[in-house]
Amino acid sequence: MKKIEVLAPAGNLPSLRAAVDSGADAVYFGFRNATNARNFEGLNFSEKEALEGIRYAHKNGVKANVVLNTFPQVDQPEIWYKTVDTAAEIGANAIILANLALLKYCRDTHPDLPIHLSVQASASNYEAINFYKKHFNITRVILPRVLTVDEIRLLGEKTDVEMEVFAFGGLCVMAEGRCYLSSYVTGVSPNIEGVCSPARSVRFESQGGKLQTRLGEVLIAEYEPDEDAAYPTICKGRFEANNHVYHTMEEPSSLNVLEMLPEVIEAGVVSLKIEGRQRTKSYVSTVTSTFRKAVDAYYSSPKTFRPKGKWIKILNSTAEGSTHTLGTYQENWQ
Amino acid sequence: MMKLSIGPCLFDWGKKGIADFYRRMAFETEADILYIGEVVCSKRLHMDPDELFSLVEELKSTGKEVVLSSLGLVMSESEQVELRALAAKAAEMGVRLEANDMAAIGVGEGQPLVAGPHICTYNPDTLDFLQSVGVDRVVLPVELSANHITGIFRGKTGMESELFAYGRLPLTFSARCYTARAFNLPKANCQYKCGDYPDGMNMHTQEDKEFLVINGIETMSELIYNLIADIKRLEEMKIDILRLSPQSRGMVEVVKIWKSSLSGQMGREEALAKLLEINENVPFCNGYFHEHPGLEFIQ
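Here the protein sequences come in this chain order: A and B. Each residue of the first sequence is one higher than the one before, counting from 3 in our numbering. Each residue of the second sequence is one higher than the one before, counting from 7 in our numbering.
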């Protein structure tokens, strides 16, 4: 039986090595510019580092996927197209694309380079997925975080495109690639510039003993002294609706599918993606090695598999808000 | 003169509310194009397909163009079944289908399509591809600026441009229903609470500032996006169609104000003052158009 893949994030070369050394089956990374959706300062790869990273991965039998999941700008689309060429030249195992123009270019110019459809393309149904397959021969889709495990299983019956899902990390609760909350407040589009809630728009302020977090001028949440403050993203903010103040969209918590690992595997998913190219090397090692152990334990005894308390504890220690959720994979979340 | 369209109603006004609204738009206003169909939540389609299609025929009889709009976030099998039926019906009736999920581009490939504001049209090459599969009109993503839009359409022929020009901005979709969440209800048993909020449920900051509105699985701006002060620029950009998004109050009057502004009979200040009054002083925004945060209003 082919095991489900553990796919780890790499924000830089040390993280890539850590992922490989911790038992990842595949890694993914982007270049140091606006062509990918984690365009944070001090993060990502130069062409030389990418080449070195791919060599290290391949030497250890690990695949390396290049992320190019933003939308080319009108003024300087060349860097996006050039990045497609670079990914092909350096021997990436797959390229992760969201934009129709890039998908077409990649298919026409590099017919042998496998294409994974980015979560930013927001393909949440087989009609969309099969459309991308027909026109661009995508081999895999990274599913948006909007489907339940049951829906994923049904989807798999209607397409032969491989399915990859987010397994752990920051939880985007919106249809990705089509969310304008961050640009509404900051003027910076995640789709174009590759960054949601940019650090330069964020403020933490003390106000009458309380801590306030702001994005631009907008108050995202106010915390009592005994509460942990989360990084201010709008979808995890605390607002007033229907006469009470609460996390109107989602609590600041991390996604963790470990408790549903058997269901996810049995739904036909081929790859478990760990989110967090912006996180540290130690996060990458911890999460990757824990998922490695869990996946191996499942295959050694699928019927009796239970996630160990120790794994959950370790994963929670890395998580945003130190709590986790099964998110949309279980129906009652919706 | 630029044409005016009435966008698909994004709120849950019920079968009668929707039908009455579009009849008024068809018979009492000078709007040129009517988009009708459920974009936000498939549970809301209170009108059965035959009722919807006979309403479309009735609206068409006024000589206005009618477009069938489709769902923004397609997930389930039943939603795909309905989408295929909608696309087939659009083709049969000779009306365009507005796609708001790539599923609709796939299902309707080859028939006349409008790529709605939820399709990611960010560059000219994307426009070329969409044209190759049947799209002959594009409603651009709401976050794009005037400069960006000009760049996308430079030199383009055979493709109409439409901009979201007035109303609460549709900013995002989720699998989760935030209206149900506000009542501690699961989406599966939402009790159709959206029906009680004809312009969405306000979501204010903890400082009680206007911010967003909850509209089922959609989150929108509470501020009213309004490009009426930018008509001159829109004309220079040669935009074909301006979209007015339905709201519960004063839409007949809103269309009149836009029509008078486009024909030069009404000045900018008067138009702004009248629209502000209709909206009971909810502020305007137009930041996106000016390459600013969307919530700002640039004069």
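Even glycine gets a Cβ: it sits at the ideal position worked out from N, Cα and C. Please read all numbers here as calculations on a predicted model, not as lab measurements.
Beta carbon proximity, residue 251/B to chain A, threshold 8 Å: The residue given as residue 251/B occupies position 245 in the second sequence. Output row for residue 251/B: interface = no.
Any C-beta of chain B under 8 Å from that of residue 308/A: Residue numbering aside, residue 308/A sits at position 306 when the first sequence is read from its first letter. At a cut-off of 8 Å, the C-beta of residue 308/A has no neighbouring C-beta in chain B.
Could you round the C-beta distance between residue 271/A and residue 6/A to whole angstroms and report it? I think they count as a contact, below 8 Å. As a first step, residue 271/A must be located in the first sequence, where it is residue number 269. As a first step, residue 6/A must be located in the first sequence, where it is residue number 4. Contact between residue 271/A and residue 6/A holds, with the beta-carbon distance rounding to 6 Å and staying under 8 Å.
For residue 171/A, the three-state DSSP class (helix, strand or coil): By one-based count along the first sequence, residue 171/A stands at place 169. Strand at residue 171/A.
Under 8 Å, do residue 65/B and residue 40/B count as touching if we go by C-beta distance? Indexing the second sequence from 1 puts residue 65/B at position 59. Indexing the second sequence from 1 puts residue 40/B at position 34. Their beta carbons are under 8 Å apart, which means residue 65/B touches residue 40/B by this criterion.
CA-to-CA distance, residue 228/A to residue 211/A, given in whole angstroms: One-based indexing of the first sequence puts residue 211/A at position 209. One-based indexing of the first sequence puts residue 228/A at position 226. For residue 211/A and residue 228/A, the distance between alpha carbons rounds to 10 Å.
Proximity below 8 Å, CB of residue 149/B to CB of residue 185/A: Indexing the second sequence from 1 puts residue 149/B at position 143. Indexing the first sequence from 1 puts residue 185/A at position 183. Going by C-beta atoms, residue 149/B is nearer than 8 Å to residue 185/A.
Of all Cβ atoms in chain A, is any one closer than 8 Å to the Cβ of residue 200/B? For the purposes of this step, residue 200/B is taken as the residue at position 194 of the second sequence. No, residue 200/B lies away from the interface with chain A (no Cβ there is under 8 Å from its Cβ).
With contact counted as at least three CB pairs below 8 Å, one residue from each stretch, are the segment 101-118 of chain B and the segment 127-142 of chain A in contact? With a cut-off of 8 Å, the segment 127-142 of chain A and the segment 101-118 of chain B count as touching, because enough Cβ pairs lie within range.
Sort 294/B, 175/B, 257/B, 238/B by Cα distance to residue 273/B and report the nearest one. Along the second sequence, read from residue 1 onward, the residue named residue 273/B stands at position 267. It is 238/B whose Cα lies nearest to the Cα of residue 273/B.
Per-residue DSSP class, three states only, for residue 327/A: Walking along the first sequence from the start, residue 327/A turns up at place 325. Three-state DSSP puts residue 327/A in a strand.
Between residue 16/A and residue 140/A, what straight-line distance do the alpha-carbon atoms span, to the nearest angstrom? Position 14 of the first sequence, counted from the start, is the residue given in the question as residue 16/A. Position 138 of the first sequence, counted from the start, is the residue given in the question as residue 140/A. Whole-angstrom Cα-Cα distance: 30 Å.
Which residue wins for smallest C-alpha separation from residue 60/B, given the options 25/B, 76/B, 249/B? Numbered from 1 along the second sequence, position 54 holds the residue referred to as residue 60/B. With distances taken between CA atoms, residue 60/B lies nearest to 25/B out of 25/B, 76/B, 249/B.
Going by the beta-carbon positions, is the gap between residue 80/B and residue 129/A smaller than 8 Å? As a working mapping, residue 80/B is identified with position 74 in the second sequence. As a working mapping, residue 129/A is identified with position 127 in the first sequence. Yes, Cβ-Cβ distance for residue 80/B and residue 129/A is below 8 Å.
Using a Cβ-Cβ cutoff of less than 6 Å, which residues in the same chain neighbour residue 196/A once the five nearest sequence positions on both sides are dropped? Locating residue 196/A in the first sequence gives position 194, counting from the first residue. For residue 196/A, where only same-chain residues beyond five positions count, the Cβ hits under 6 Å are 36, 38, 39, 41, 72.
Residues sharing a beta bridge with residue 225/A, DSSP: Stepping through the first sequence from its first residue, residue 225/A is reached at position 223. Answer by DSSP bridge pairing, in chain order: 213/A.
Going by C-alpha to C-alpha distance, which of 200/A, 220/A, 224/A sits closest to residue 208/A? Position 206 of the first sequence, counted from the first residue, corresponds to residue 208/A. Selected option, being the one with the closest Cα: 224/A.
Residue 111/B CB to nearest chain A CB: under 8 Å? On the second sequence, position 105 is the one that residue 111/B refers to. Answer yes: the Cβ-Cβ gap between residue 111/B and chain A drops below 8 Å somewhere.
Closest Cβ-Cβ distance between residue 250/A and chain B: below 8 Å? Within the first sequence, the letter at position 248 stands for residue 250/A. Flagged as an interface residue toward chain B: residue 250/A, by a C-beta distance shorter than 8 Å.
Which residues in chain A sit within 8 Å of residue 182/B, going by Cβ to Cβ distance? As a first step, residue 182/B must be located in the second sequence, where it is residue number 176. Near residue 182/B (Cβ distances below 8 Å), the residues of chain A are 175, 251, 252, 330, 335, 336.
Please go through the same chain and pick out, in chain order, the residues whose beta-carbon is closer than 6 Å to the beta-carbon of residue 183/A, but skip the five residues on each side of it. Residue mapping note: residue 183/A aligns to position 181 of the first sequence, counting from 1. Excluding sequence positions up to five before and after residue 183/A, its CB lies within less than 6 Å of the CB of 236, all in the same chain and listed in chain order.
Between residue 80/B and chain A, is there a C-beta pair that is closer than 8 Å? What you label residue 80/B is simply residue 74 of the second sequence in a count that begins at 1. It does: the Cβ of residue 80/B has a partner Cβ on chain A nearer than 8 Å.
By Cβ distance below 6 Å, which residues in the same chain neighbour residue 199/B in space, the five residues on each side in sequence not counted? Within the second sequence, numbered from 1, the residue matching residue 199/B stands at position 193. Same-chain partners within the cutoff: 185, 189.
So, is the C-beta of residue 208/B closer than 8 Å to a C-beta in chain A? As a working mapping, residue 208/B is identified with position 202 in the second sequence. For residue 208/B, the answer is yes, since a Cβ of chain A falls inside 8 Å of its Cβ.
Show which residues of chain A have a CB atom less than 9 Å away from the CB atom of residue 124/B. Against the second sequence, residue 124/B aligns to sequence position 118. Per Cβ cutoff of 9 Å: 124, 177, 180.
Judging by CA-CA distance, which residue of 23/B, 92/B, 10/B, 67/B is the nearest neighbour of residue 48/B? On the second sequence, residue 48/B is found 42 positions in, with the first residue counted as 1. When each option's Cα is compared against that of residue 48/B, the closest is 92/B.
Closer than 8 Å, Cβ to any Cβ of chain B: which residues of the segment 178-212 of chain A, in chain order? 179, 180, 181, 182, 183, 185, 186, 187, 188, 189, 191, 193, 194
Is residue 66/A helix, strand or coil when you go by DSSP? Taking the first sequence and counting its residues from 1, the one referred to as residue 66/A is at position 64. It is a strand residue.
Can you look up residue 205/A in the DSSP assignment and give me helix, strand or coil? Here residue 205/A corresponds to residue number 203 of the first sequence, with the count starting at 1. Strand, per DSSP.
To be precise: take each residue of the segment 72-103 of chain B, compare its Cβ to all Cβ atoms of chain A, and keep it if any distance is under 9 Å. Which residues remain? With the criterion set as a beta carbon lying under 9 Å from some beta carbon of chain A, the members of the segment 72-103 of chain B are 78, 79, 80, 81, 82, 83, 85, 86, 89, 90, in sequence order.
If the cut-off is 7 Å on Cβ atoms, which residues from the segment 24-47 of chain B count as contacting chain A, listed in chain order? none
Spatial neighbours of residue 203/A within its chain, please: CB distance less than 6 Å, with the 5 preceding and 5 following residues excluded, ordered by chain position. Here the question's residue 203/A lines up with position 201 in the first sequence. Cβ neighbours of residue 203/A beyond the five flanking positions: 188, 217, 218.
Relative to the C-alpha of residue 53/A, which candidate in 14/A, 75/A, 20/A has its C-alpha closest? Taking the first residue of the first sequence as position 1, residue 53/A is located at position 51. Of the listed residues, the one whose Cα sits closest to residue 53/A is 14/A.
From this set, 215/A, 97/A, 177/A, which residue's C-alpha is nearest residue 192/A's C-alpha? For this step, residue 192/A is matched to residue 190 along the first sequence. With distances taken between Cα atoms, residue 192/A lies closest to 177/A.
Whole angstroms are fine: how far does the CA of residue 103/B sit from the CA of residue 94/B? Working through the second sequence from its first residue, we reach residue 94/B at position 88. Working through the second sequence from its first residue, we reach residue 103/B at position 97. The alpha-carbon atoms of residue 94/B and residue 103/B are separated by roughly 9 Å.
Run through DSSP, which three-state label would residue 207/B get? Indexing the second sequence from 1 puts residue 207/B at position 201. Residue 207/B falls in the strand class under three-state DSSP.
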